[in-house]
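Take a look at the structure below.
Protein chains in written order, with the working numbering: chain A, 55 to 271; chain B, 55 to 271.
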């Protein structure tokens with residue numbers, strides 16, 4: 055199969071699609087931890103939205119002559135490893151993973167999307183990165199839980215740090231293995247100082263999200 | 055909240071909605087067991103279809119002045135108990151659960167739907183009972199697996215029987231606890247001989263599904 059899209063764009067579509075597909079699975083799985091039917095409803099709705107994003111990316115690849123399975127395959131191992139190392143132990147950890155993990159990924163992909171040459175692909179990527187409602191729901195539930203029992207704050211703050219650590223380990227692995235994707239950022243587009251500023255933006259946003267939850271980052 | 059729908063119809067909407075919501079969660083969870091990305095894609099697509107059914111039932115209840123949570127609540131315990139007692143140990147068991155379990159539930163609900171007085175509700179129930187693609191996909195994959203290793207057939211046949219047994223235990227529990235729902239079937243609508251014929255139809259269809267998988271029922 056040949057496509058007019060370059061390898062970096064195909065890589066980005068692949069990692070994003072597999073990320074959405076697994077986010078769907080994990081959110082739906084975590085919905086089982088929900089304490090009430092309405093919490094279950096909320097988390098299941100977010101999961102369904104992730105699946106819809108996955109389907110759009112999948113169909114876009116097919117339309118562009120890209121084999122979706124081949125595009126996703128290189129990212130199965132790092133994405134699965136991230137999820138396996140960050141399985142939530144309870145409902146609150148699941149919510150924070152949905153909010154903090156998804157937020158970090160979204161920020162990163164949005165930065166990368168700016169460098170996609172193909173306009174329709176860039177538009178679709180930005181569209182599927184739209185908020186699926188995780189943010190306000192997670193903030194509301196987590197702050198309620200901390201208000202009811204302030205001692206959970208310490209544990210959840212550690213959990214937030216662990217999520218970022220595991221995400222960076224896997225991102226590093228992808229950067230080493232996927233030259234095209236790395237060059238999309240580093241190549242002509244960003245110099246070292248630019249990458250430094252990118253990381254500062256990602257970190258600042260992460261800190262803001264943790265603060266919104268009432269947690270130290 | 056008051057609704058023009060009778061209690062039996064509300065019960066049916068409640069059990070069906072909670073059944074679809076949990077089918078969604080469990081199918082999405084089982085998608086993690088999928089051996090290939092394309093199998094994962096197939097199972098996740100079915101899960102998303104179940105969520106879409108759930109959403110339609112949920113919205114219909116809201117429009118009819120029924121509180122969806124209150125309608126689902128009586129069925130949380132039996133439906134969860136069914137799923138907890140039938141957690142698939144591998145991908146094939148998950149597929150059979152999707153096909154055989156969903157098939158049995160669909161047959162049963164379709165029979166009950168005939169007795170719903172309210173025409174829009176009856177139409178919606180029949181619509182959400184439409185096949186979500188489980189059947190042909192499961193049959194294809196399971197028969198392939200048995201052809202590759204005939205010894206798995208015995209284990210999977212036992213699994214099929216266990217699914218039916220656990221479903222009957224929980225159905226019995228619901229029948230005892232939810233008078234309105236039981237009377238919808240037994241009351242004016244069906245006499246004992248009619249119930250006998252209903253069970254014969256359900257059993258025959260179950261046997262046909264197991265045979266399609268190449269399994270003894």
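We treat Cβ as the ideally placed atom computed from N, Cα and C, and that holds for glycine.
* To do: Report the rounded CA-to-CA distance for residue 80(B) versus residue 247(A), giving the unit in angstroms.
  => Whole-angstrom Cα-Cα distance: 46 Å.
* Nearest CA to the CA of residue 266(B): which residue from 179(B), 125(B), 96(B), 198(B)? -> Ranking 179(B), 125(B), 96(B), 198(B) by Cα distance to residue 266(B) puts 198(B) first.
* To do: From the DSSP output, in three-state form, read off residue 170(A) for me.
  => The DSSP-derived three-state label of residue 170(A) is coil.
* Asked: Going by the CB atoms, is the gap between residue 180(B) and residue 189(B) shorter than 8 Å?
  -> In this structure, residue 189(B) sits away from residue 180(B), with a CB-CB distance that is not shorter than 8 Å.
* Where residue 219(B) and residue 202(B) are concerned, what is the direct C-alpha to C-alpha distance, given to the nearest angstrom? -> In this structure, the CA atom of residue 219(B) is about 28 Å from the CA atom of residue 202(B).
* Mind checking the stretch 66 to 85 of chain A against chain B and listing, in chain order, the residues whose C-beta falls within less than 7 Å of any C-beta there? => For the stretch 66 to 85 of chain A, the residues whose beta carbon sits under 7 Å from a beta carbon of chain B are, in order, 75, 78, 79, 82, 83, 85.
* Of all Cβ atoms in chain A, is any one closer than 8 Å to the Cβ of residue 105(B)? -> When Cβ-Cβ separations below 8 Å define contact, residue 105(B) makes contact with chain A.
* To do: Return the residue from the list 108(A), 66(A), 98(A), 56(A) that minimises the CA-CA distance to residue 238(A).
  => Across the set 108(A), 66(A), 98(A), 56(A), the C-alpha of 66(A) shows the shortest separation from the C-alpha of residue 238(A).
* CB contact flag (residue 76(B), residue 154(B), <8 Å) -> Residue 76(B) places its beta carbon 8 Å or farther from that of residue 154(B).
* Indicate the three-state DSSP secondary structure (helix, strand or coil) for residue 271(A) in the structure shown. => It is coil, neither helix nor strand.
* **Selected residue, minimal CA-CA separation from residue 206(B), among 86(B), 226(B), 268(B)** => Closest option to residue 206(B), Cα to Cα, is 268(B).
* **Backbone CA spacing between residue 273(A) and residue 64(B) [nearest angstrom]** => Past the boundaries of the shown model lies residue 273(A); chain A is included only from 55 to 271, so the question cannot be answered.
* Other residues of its chain near residue 122(B): CB distance less than 6 Å, five sequence neighbours each side excluded -> Cβ neighbours of residue 122(B) beyond the five flanking positions: 112, 115.
* Asked: Are the stretch 131 to 148 of chain A and the stretch 251 to 259 of chain A in contact at 8 Å, needing three or more beta carbon pairs?
  -> When Cβ pairs closer than 8 Å are counted between the two stretches, the stretch 131 to 148 of chain A is seen not to touch the stretch 251 to 259 of chain A, the count staying below three.
* Check whether the Cβ atoms of residue 72(A) and residue 120(A) sit closer than 8 Å, and answer yes or no. => Their beta carbons are not under 8 Å apart, which means residue 72(A) does not touch residue 120(A) by this criterion.
* **Presumed contact (8 Å Cβ cut-off) between residue 208(A) and residue 128(A), rounded CB distance** => In this structure, residue 208(A) and residue 128(A) do not form a Cβ contact; the two beta carbons are roughly 38 Å apart against a cut-off of 8 Å.
* Confirm, please, whether the CB-CB distance from residue 107(A) to residue 182(A) is below 8 Å. => The answer is yes: Cβ separation under 8 Å.
* Asked: Do residue 221(A) and residue 158(A) have their C-beta atoms within less than 8 Å of each other?
  -> For the pair residue 221(A) and residue 158(A), the CB atoms are nearer than the 8 Å cut-off.
* Asked: Among 104(A), 200(A), 214(A), which residue has its Cα nearest to the Cα of residue 139(A)?
  -> Nearest C-alpha to residue 139(A): 214(A).
* In chain order, what residues of the same chain lie with their CB nearer than 6 Å to the CB of residue 174(A), ignoring the 5 residues before and after it? -> The same chain holds no residue with a CB closer than 6 Å to that of residue 174(A) once the five nearest residues on each side in sequence are set aside.
* To do: Identify the continuous alpha helix (DSSP H) that holds residue 151(A) and give its terminal residues.
  => Segment: none, residue 151(A) is in no alpha helix (DSSP H) and carries neither H nor E.
* Under 7 Å Cβ-Cβ, which residues of chain A neighbour residue 92(B)? -> Result: 123.
* To do: Confirm the yes/no value for this check: CB of residue 205(A), any heavy atom of the ligand COA, distance under 7 Å.
  => No copy of the ligand COA appears in this structure; indeed no ligand is present at all.
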